[in-house]
Amino acid sequence: MTRTDALPTIQTDDTRQAIGCFLLAILLFAGMDTLIKYLSAGYPVAQLMFVRSAVAVLLVGGISIARGGWSGMRTRRPLAHVWRAFAGLLSMGCFFYAFKHLPLAEVYVLSFAGPLFITALSMPLLGEPVGWRRWAAVLVGFGGVVVMARPEADAPLLPVLVGLAAAFFYALAMIAVRGLSRTESNTAIVVYLLLTTTVVSGIAAVPVWQAPGLADAGLMLLVGTLGAGAQVLMTQAFRLAPAAVVAPFEYTGMIWATLFGFLVFGDVPTPTVLTGAGVIIASGLYILHRETMRRRA
Numbered sequence: 104m105t106r107t108d109a110l111p112t113i114q115t116d117d118t119r120q121a122i123g124c125f126l127l128a129i130l131l132f133a134g135m136d137t138l139i140k141y142l143s144a145g146y147p148v149a150q151l152m153f154v155r156s157a158v159a160v161l162l163v164g165g166i167s168i169a170r171g172g173w174s175g176m177r178t179r180r181p182l183a184h185v186w187r188a189f190a191g192l193l194s195m196g197c198f199f200y201a202f203k204h205l206p207l208a209e210v211y212v213l214s215f216a217g218p219l220f221i222t223a224l225s226m227p228l229l230g231e232p233v234g235w236r237r238w239a240a241v242l243v244g245f246g247g248v249v250v251m252a253r254p255e256a257d258a259p260l261l262p263v264l265v266g267l268a269a270a271f272f273y274a275l276a277m278i279a280v281r282g283l284s285r286t287e288s289n290t291a292i293v294v295y296l297l298l299t300t301t302v303v304s305g306i307a308a309v310p311v312w313q314a315p316g317l318a319d320a321g322l323m324l325l326v327g328t329l330g331a332g333a334q335v336l337m338t339q340a341f342r343l344a345p346a347a348v349v350a351p352f353e354y355t356g357m358i359w360a361t362l363f364g365f366l367v368f369g370d371v372p373t374p375t376v377l378t379g380a381g382v383i384i385a386s387g388l389y390i391l392h393r394e395t396m397r398r399r400a
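According to my numbering, the stretch in the sequence shown is residues 104 to 400, in order.
As structure tokens, then:
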């Protein structure tokens, strides 16, 4: 999904409210992704990225600054913000492309490879130890991706590879957030990302811009509004409860993607997609379990 601006921050513990916020955020993200897929049939990816980012930066940035003031925008690591922002930008662009060419449920399955990439990259990039159990879970999870991609089928492989690249860049963005969160404020991490994606996608959208009709313009604004609302809810969820409590509920997105994909586009997930999804989800949950045990130890 296109939520590379997610920002987990733990402050208090109210589990039921946190889970409720997170579930609603996943639903809003699924609605946003459905609109992106619908609009991508008639509008360039860069234009949709710009509208999504511009509306989100106004809403999320405005709320963040209203709560914490401009002091939260101070940074001592501008280059790190640039690296994180461009990883997020590439992830968003790849996800938008995948939404245009693949059923929603298939893109969601590919996005679940993000935690697998994070685990695989945490050792070389962050120096964090990864035990053999988690390495085994990563390999099994990527086996699920291969099953879902069904390389022997006649379906084009490029959108699948682009969706997998989106999950890879998402992992890079999240690893960058781990490093930034040691010194930077929540507001700075989120707003600088949205500012970067707005500016870059805006420049890319100028030569391909297509003036939308009134109805489509409203849908584009709704895309940004849903994304901003989901971001606020997700951040609140991570503030109210530990990540290990709420993170498994991200897989409920597969339910909404399957439902919306069927209702709006008539897409029905194939058995291979569902099998791959089951393998990837099981691997991700096991990695989360091992990570939780390691941190407690």
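In this text, a Cβ means the ideal position worked out from N, Cα and C, and glycines have one as well.
From residue i to residue j, what does the alpha carbon distance come to, in whole angstroms?
| i | j | result |
| --- | --- | --- |
| Pro121 | Ala279 | The amino acid at residue 121 is misidentified as Pro; the sequence shows Ala. Using only the alpha carbons, I get a separation of about 24 Å. |
| Arg285 | Val154 | 31 Å |
| Gly244 | Leu298 | 34 Å |
| His392 | Gln313 | 47 Å |
| Ala216 | Gly332 | 24 Å |
| Ser386 | Phe272 | 19 Å |
| Pro372 | Asp117 | 35 Å |
| Met396 | Val158 | 39 Å |
| Phe363 | Thr137 | 7 Å |
| Ile139 | Tyr211 | 14 Å |
| Leu343 | Arg236 | 30 Å |
| Glu287 | Arg177 | 8 Å |
| Ser304 | Phe189 | 11 Å |
| Val376 | Leu267 | 14 Å |
| Tyr141 | Ala308 | 18 Å |
| Leu388 | Leu325 | 32 Å |
| Thr378 | Ile358 | 14 Å |
| Ala240 | Val349 | 20 Å |
| Thr290 | Leu336 | 15 Å |
| Ala274 | Asp319 | 32 Å |
| Leu283 | Ala276 | 10 Å |
| Lys203 | Gly246 | 25 Å |
| Glu209 | Thr328 | 24 Å |
| Ile221 | Ile383 | 14 Å |
| Val302 | Ser156 | 9 Å |
Is it right to say residue i is buried, meaning 16 or more other beta carbons lie within 10 angstroms of its own, or is it exposed?
| i | result |
| --- | --- |
| Pro181 | exposed |
| Pro206 | buried |
| Ala169 | exposed |
| Leu261 | exposed |
| Leu193 | buried |
| Ile306 | exposed |
| Leu242 | exposed |
| Pro232 | exposed |
| Gly98 | Summary: the structure shown does not reach residue 98, with the chain confined to residues 104 through 400, and so no result is reported for it. |
| Pro259 | exposed |
| Ala270 | buried |
| Leu317 | exposed |
| Arg179 | exposed |
| Pro218 | buried |
| Leu366 | exposed |
| Val249 | exposed |
| Arg119 | exposed |
Does the count of Cβ pairs from the region 303-323 and the region 144-151 closer than 8 Å reach three? Result yes; three or more Cβ-Cβ pairs closer than 8 Å.
Any 3 or more C-beta pairs closer than 8 Å across the region 126-146 and the region 319-333: Yes: the two stretches touch, three or more of their Cβ pairs being nearer than 8 Å.
Quick check: the region 213-227 against the region 289-298, are at least 3 beta-carbon pairs closer than 8 Å? no
Continuous alpha helix (DSSP H) assignments of at least 4 residues falling wholly in the region 174-237: 181-204, 207-214, 217-229
My parser needs the alpha helix (DSSP H) runs of 4 or more residues fully inside the region 310-343; what are they? 317-343
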